[in-house]
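Asker:
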Amino acid sequence: MPRSAGHLIVDTLDSAGIERVYAVPGESYLDVLDGLYDSPIETVVCRQEGGAGFMALAESRLTGRPGIAMVTRGPGAANAMISIHTAWQDATALVLFVGLVPTADRERGSFQEFSLPEWFSSTAKRVITIDDEHRAGELTAEALRIAAAGRPGPVVVGLPEDVLVRLTEAPTPRIAEAAPPIPASAELESLTARIADASRPAFVLGGDGWQTGCGADLARFAASVGVPVLCDWRAYDAVPHGSRAWAGWLGYGRADAVARGFAEADLLVFVGCTRSDVASDGYSIGFDAETVLVSLDTEATQHAGRIDQHILASPRTFTEALTSLNADVLRGGRSDGWMEERVAAQARFAAHRPDAEAQPPAEHTRTGVDLGVAFGILDDRLGGEAILTYGAGNATIWGHRFIRHQRPTSLVGARNGAMGLAVPGTVAASLTFPDRRAVAICGDGDFLMNGQEIATAFAHGATPLIIVIDNGVYGTIVSHQENHYPGRPSGTRMVNPDFASWMRAFNGQDGAGMSGHGERVEATEDFAPALERALTADGPALIHVLIDPATMPPAADETT
0 MPRSAGHLIV DTLDSAGIER VYAVPGESYL DVLDGLYDSP IETVVCRQEG
50 GAGFMALAES RLTGRPGIAM VTRGPGAANA MISIHTAWQD ATALVLFVGL
100 VPTADRERGS FQEFSLPEWF SSTAKRVITI DDEHRAGELT AEALRIAAAG
150 RPGPVVVGLP EDVLVRLTEA PTPRIAEAAP PIPASAELES LTARIADASR
200 PAFVLGGDGW QTGCGADLAR FAASVGVPVL CDWRAYDAVP HGSRAWAGWL
250 GYGRADAVAR GFAEADLLVF VGCTRSDVAS DGYSIGFDAE TVLVSLDTEA
300 TQHAGRIDQH ILASPRTFTE ALTSLNADVL RGGRSDGWME ERVAAQARFA
350 AHRPDAEAQP PAEHTRTGVD LGVAFGILDD RLGGEAILTY GAGNATIWGH
400 RFIRHQRPTS LVGARNGAMG LAVPGTVAAS LTFPDRRAVA ICGDGDFLMN
450 GQEIATAFAH GATPLIIVID NGVYGTIVSH QENHYPGRPS GTRMVNPDFA
500 SWMRAFNGQD GAGMSGHGER VEATEDFAPA LERALTADGP ALIHVLIDPA
550 TMPPAADETT
C-alpha cells in the first residue's frame with residue numbers, strides 16, 4: 000500500500016532496530032513525526048537541539064548502534080552542529096535528520112533556509128538530501144550503514160518538507176549487518192613476532208566498539224604475556240580497572256607515570272584508537288616506538304607518526320584472534336616487571352586520599368568541599384558499576400582519576416572537549432539502561448549549557464544523578480590564564496543559581512508525581528550523607544557541590 004516518504008523513513012529506522020530518536024520538533028518534518036506516532040520507536044522530546052544530538056551520541060556509544068537525532072531547518076541545524084563535530088572527532092556513529100524548506104523554495108532566501116552540504120560537509124562522513132520519495136527508505140538505510148562503517152562518524156540527512164508527504168510504494172529496505180574483518184594468519188604471525196621481541200610493549204585501547212566486553216578478554220591475555228594496557232582519553236571503560244594489566248589512561252589529567260610509560264615503550268599496539276595529539280601530550284611523546292595500528296579506518300584518520308603494521312579489524316575480532324595465540328610465544332623472554340611497574344604507578348595515582356595537592360595557595364583560606372575526599376566516597380559507593388557521563392572542564396579530572404570502571408559501556412564523555420554533554424548524556428544513559436545507575440559529573444559552566452534537559456528526564460522517566468561542581472569560574476580557562484597571564488583573570492567569572500532548588504522545582508511536573516531531589520553541599524563532611532539520600536531518591540537527583548574558586552585539579556605526579 001502507498002505510504003508517505005516520511006512514514007517510510009520511520010519504518011526503515013524501526014526495521015534497523017532503532018529504539019529511540021531524540022528530537023526537537025519542527026514544522027519542516029511533520030510527516031516524520033506523524034510516522035513516529037504509531038511506531039514502536041520512542042520519540043524523546045528534547046529541549047534544545049544540541050542536547051538532542053548529545054543524547055543520540057551517548058546512546059550510540061553505549062549500544063554500538065547509530066544514534067538518531069531529528070531537528071528542523073537553519074536554527075535547529077545550527078544548534079545541533081556541536082554534536083556533529085563531537086561525533087566526527089570522537090568517531091561515534093550518529094545520524095542527524097534535518098528538516099528542510101520545500102524544494103520550490105530553495106535558493107530564494109526563504110524562511111530558515113540554509114545550505115545543508117556547505118554547513119556539514121567538512122564534519123560529516125556524508126551529507127544526503129532525500130529529493131526522491133521513492134528512495135527515502137534506501138537513503139535512510141544508506142545513512143545508517145555509512146555512519147557505522149569503517150571509522151564511525153556522523154551522517155546528515157536532509158528532509159525537504161514537500162518530499163516527505165509524497166506517496167510511494169517502495170518497500171522497506173532490508174539492512175544487512177556487515178561483519179567486521181578478521182585478522183589474517185600472516186598478520187598474526189607478524190604481530191606475534193613483534194610482541195615477543197619487545198622489551199617494553201604496551202597495548203593502547205580506545206574508541207568505540209567495546210560493548211561486548213572484549214576489553215576484559217584482551218586485558219586478561221595481556222596480563223598473561225606481561226603487557227600493560229593503557230587506554231585513550233575518555234575511553235578507559237574498555238578495560239576493567241581491576242585487571243592485572245590496567246595501567247591507566249592517556250590524555251588530560253593522566254598520571255605523569257602513565258605518560259612516561261607511553262614514552263618509554265618500544266612497541267605500541269593501538270586497538271580502536273590512534274596516536275593523537277591528546278594521547279601523545281601534543282605530539283610530544285610516544286613517537287619512537289614500533290607501532291601497530293588495529294583499526295577499521297583504512298585512512299588512519301587522526302593517527303600521527305609511524306605505522307609499522309596496520310591490521311584491519313574491530314576490537315572484538317582482533318581480541319578473538321589475539322587470545323587464540325600461544326601466550327608463551329608472545330611473552331618471549333619478558334618478565335612481568337615492566338607491566339607491574341606501570342600498573343603499580345596507576346594504582347598509586349588513583350588511590351583515594353585527601354586532596355592535599357589541590358590546595359589553594361598558603362595565603363588563601365580554603366572553603367568548600369574537598370573533591371579528593373568526595374570523589375573517593377563516590378567511587379566507593381558506585382563500586383565501578385555506574386555509567387558516568389562527562390562534559391568538559393577541570394571538574395571532570397577528579398572523576399577520571401578516582402572513579403573506577405569495571406564494566407564496558409560505562410563512560411560517555413566528549414573526547415573533542417565539547418561542553419554540555421554531561422546532562423543530556425546521563426539522561427540518554429538512564430533511558431537506554433534504566434536498570435543501571437547513570438551519573439553526570441559536570442562543572443557549573445558545563446551544566447548550564449544543557450541543564451535544560453533535566454526537563455527531558457522528567458518527561459520520559461529517566462532517573463539520573465547529576466553532580467554539579469560549582470567554583471563560580473570557567474576553571475580550565477582560569478588554569479591557563481594563571482600559567483600564561485598570572486594575576487590577570489579576564490572573562491572567566493560566573494554567577495550561578497541554586498542548582499539544587501532548580502532540580503526541586505520540577506517536582507510533580509512529569510504528570511506521574513516523580514520528584515526531583517536536590518541538595519546543596521558546602522562542607523566535605525556533608526557530602527557522604529547527601530550522596531546517600533540522592534542515591535535513594537525516587538526520581539532525578541542533583542547534588543550542588545561548592546568548592547573554592549582557587550582549587551586547581553590534582554597534580555599528575557602520583558608521588559606528590
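In numbering that gives the first Met the number 0, the protein residues as written are 0 to 559. We put the beta carbon where it would ideally sit given N, CA and C, even for glycine.
Using only CA atoms, which one of Leu370, Ala458, Ala461 and Gly490 lies nearest to Ile440?
Answerer: Taking the sequence shown and counting its residues from 1, the one referred to as residue 440 is at position 441. Comparing Cα positions, the closest option is Leu370.
Asker: According to DSSP, is Ile453 helix, strand or coil?
Answerer: Reading the sequence shown from its first residue, position 454 is the one you call residue 453. Helix.
Asker: Quick check on the DSSP output: what are the complete alpha helix (DSSP H) runs of length 4 or more inside the region 18-90, in order along the chain?
Answerer: 29-36, 48-62 and 73-89
Asker: May I ask you to report which of helix, strand or coil DSSP gives His399?
Answerer: Position 400 of the sequence shown, counted from the start, is the residue given in the question as residue 399. Shown here, His399 sits in a helix according to DSSP, grouped into three states.
Asker: Can you grab the Cα-Cα spacing for the pair Val23 / Ile181, in whole Å?
Answerer: Against the sequence shown, residue 23 aligns to sequence position 24. Against the sequence shown, residue 181 aligns to sequence position 182. Cα to Cα, the separation comes out at about 40 Å.
Asker: Please name the residue, chosen from His309, Leu329, Cys230 and Ala142, that lies closest to Gly250 on a Cα-to-Cα basis.
Answerer: The count along the sequence shown starts at 1 and reaches residue 250 at position 251. Out of His309, Leu329, Cys230 and Ala142, Cys230 has the C-alpha closest to the C-alpha of Gly250.
Asker: Which same chain residues end up closer than 7 Å to Thr191 when comparing Cβ atoms and leaving out the 5 residues on each side of it in sequence?
Answerer: Locating residue 191 in the sequence shown gives position 192, where the first residue counts as 1. For Thr191, where only same-chain residues beyond five positions count, the Cβ hits under 7 Å are Leu324, Val328 and Leu329.
Asker: For Leu95 versus Ala68, is the C-beta distance shorter than 9 Å?
Answerer: For the purposes of this step, residue 95 is identified with residue 96 of the sequence shown, where counting begins at 1. For the purposes of this step, residue 68 is identified with residue 69 of the sequence shown, where counting begins at 1. Yes. Within cutoff.
Asker: If we call anything under 9 Å between Cβ atoms a contact, is Ala55 one with Val97?
Answerer: Sequence index remark: in the sequence shown, residue 55 carries index 56 (1-based). Sequence index remark: in the sequence shown, residue 97 carries index 98 (1-based). Not closer than 9 Å, so no.
Asker: Rounding to the nearest angstrom, what Cα-Cα distance links Leu187 and Arg233 in this structure?
Answerer: The sequence position of residue 187 within the sequence shown is 188, counting from 1. The sequence position of residue 233 within the sequence shown is 234, counting from 1. Each residue's CA atom was taken as its position, placing Leu187 and Arg233 some 28 Å apart.
Asker: Exposed or buried, what is Ser109 when buried is set at 16 or more other beta-carbons lying within 10 Å of its beta-carbon?
Answerer: For this step, residue 109 is matched to residue 110 along the sequence shown. Label assigned to Ser109: exposed.
Asker: Counting along the chain, where does the beta strand (DSSP E) carrying Ile386 start and finish?
Answerer: Reading the sequence shown from its first residue, position 387 is the one you call residue 386. Unbroken beta strand (DSSP E) run through Ile386: Ile386 to Tyr389.
Asker: Can you check the region 271-322 for any alpha helix (DSSP H) of at least 4 residues that lies completely inside it and give the ranges in chain order?
Answerer: 314-321
Asker: Is it true that the CB of His309 sits closer than 9 Å to the CB of Leu321?
Answerer: The count along the sequence shown starts at 1 and reaches residue 321 at position 322. The count along the sequence shown starts at 1 and reaches residue 309 at position 310. For the 9 Å CB-CB criterion, Leu321 and His309 do not form a contact.
Asker: What is the rounded straight-line gap between the Cα of Ser313 and the Cα of Ala57?
Answerer: As a first step, residue 313 must be located in the sequence shown, where it is residue number 314. As a first step, residue 57 must be located in the sequence shown, where it is residue number 58. Roughly 20 Å separates the two Cα atoms.
Asker: For Leu420, which three-state DSSP category applies?
Answerer: On the sequence shown, residue 420 is found 421 positions in, with the first residue counted as 1. If DSSP states are grouped into helix, strand and coil, Leu420 belongs with coil.
Asker: Where does Thr91 land, buried or exposed, given buried means 16+ other C-beta within 10 angstroms?
Answerer: Taking the first residue of the sequence shown as position 1, residue 91 is located at position 92. Buried is the call here.
Asker: Need the endpoints of the beta strand (DSSP E) that Val94 sits in, please.
Answerer: For the purposes of this step, residue 94 is taken as residue 95 along the sequence shown, with counting starting at 1. Looking at the DSSP string, the run of the beta strand (DSSP E) that includes Val94 is Leu93 to Leu99.
Asker: Count the other CB atoms, across all protein chains shown, that sit within 10 Å of the CB of Val494; report buried if there are 16 or more and exposed otherwise.
Answerer: Residue 494 sits at position 495 when you count from the first residue of the sequence shown. Around the beta carbon of Val494, fewer than 16 other beta carbons lie within 10 angstroms, which makes this residue exposed.
Asker: Going by DSSP in three states, Val411 sits in which element: helix, strand or coil?
Answerer: By one-based count along the sequence shown, residue 411 stands at place 412. If DSSP states are grouped into helix, strand and coil, Val411 belongs with the strands.
Asker: Thinking just about the alpha-carbon of each residue, which of Phe401, Val368 and Leu420 is nearest to the one in Ala391?
Answerer: Indexing the sequence shown from 1 puts residue 391 at position 392. Of Phe401, Val368 and Leu420, the residue nearest in Cα terms is Leu420.
Asker: Evaluate Thr395 with the Cβ neighbour count: other Cβ atoms within 10 Å of its Cβ, from every protein chain shown; 16 or more gives buried, anything less gives exposed.
Answerer: Reading the sequence shown from its first residue, position 396 is the one you call residue 395. Thr395 is buried by the Cβ-count criterion.
Asker: Helix, strand or coil: which one does DSSP assign to Gly442?
Answerer: Here residue 442 corresponds to residue number 443 of the sequence shown, with the count starting at 1. It is a strand residue.
Asker: Can you give the Cα-Cα distance for Ile174 and Ala461, rounded to whole angstroms?
Answerer: Walking along the sequence shown from the start, residue 174 turns up at place 175. Walking along the sequence shown from the start, residue 461 turns up at place 462. Distance between the alpha carbons of Ile174 and Ala461 is about 30 Å.
Asker: Thr559 to Ile376, Cα distance in whole Å?
Answerer: In the sequence shown, residue 559 corresponds to position 560, counting from 1. In the sequence shown, residue 376 corresponds to position 377, counting from 1. At Thr559 the pLDDT is 39, less than 50, meaning the model places this residue with poor confidence; the figure from the coordinates comes in the next sentence. Taking the straight line joining both Cα atoms gives about 21 Å.
Asker: Going straight from the alpha carbon of Ala79 to that of Asp13, what length do you get?
Answerer: On the sequence shown, position 80 is the one that residue 79 refers to. On the sequence shown, position 14 is the one that residue 13 refers to. The alpha-carbon atoms of Ala79 and Asp13 are separated by roughly 23 Å.
Asker: In terms of residues, what are the limits of the beta strand (DSSP E) holding Val154?
Answerer: Taking the first residue of the sequence shown as position 1, residue 154 is located at position 155. First-last of the beta strand (DSSP E) with Val154: Pro153 to Pro159.
Asker: Looking only at C-alpha atoms, which of Asp307, Ile40 and Val156 sits nearest to Ser189?
Answerer: Mapped onto the sequence shown, residue 189 falls at position 190. Taking only the C-alpha atoms, the option nearest Ser189 is Asp307.
Asker: Assign Asp469 to one of three DSSP states: helix, strand, or coil.
Answerer: Mapped onto the sequence shown, residue 469 falls at position 470. Three-state DSSP puts Asp469 in a strand.
Asker: Under 8 Å by Cβ, that's how I've got Phe566 and Arg72 pegged, so tell me the actual separation to the nearest angstrom.
Answerer: For residue 566 there is no data in the structure shown, the boundaries of the chain being 0 and 559.
Asker: In chain order, what residues of the same chain lie with their CB nearer than 6 Å to the CB of Ile194, ignoring the 5 residues before and after it?
Answerer: Counting from one through the sequence shown, the residue named residue 194 turns up at place 195. Cβ neighbours of Ile194 beyond the five flanking positions: Pro200 and Leu329.
Asker: Let me make sure I understand the geometry here. Which of Ile284, Gly208, Phe202 and Cys213 has the alpha-carbon closest to that of Pro227?
Answerer: One-based indexing of the sequence shown puts residue 227 at position 228. The candidate whose alpha carbon is nearest that of Pro227 is Phe202.
Asker: How big is the Cα-Cα spacing for Asp335 and Ala554?
Answerer: Position 336 of the sequence shown, counted from the start, is the residue given in the question as residue 335. Position 555 of the sequence shown, counted from the start, is the residue given in the question as residue 554. So the alpha carbons of these two residues sit roughly 28 Å apart.
Asker: First and last residue of the beta strand (DSSP E) that includes Ala461?
Answerer: For the purposes of this step, residue 461 is taken as residue 462 along the sequence shown, with counting starting at 1. Element bounds for Ala461: n/a, residue is neither H nor E.
Asker: Given this structure, state the Cα-to-Cα distance separating Asn506 from Thr455, to the nearest angstrom.
Answerer: By one-based count along the sequence shown, residue 506 stands at place 507. By one-based count along the sequence shown, residue 455 stands at place 456. Taking the straight line joining both Cα atoms gives about 13 Å.
Asker: Counting only runs of 4+ residues fully inside the region 161-209, write out the alpha helix (DSSP H) ranges in chain order.
Answerer: 184-196
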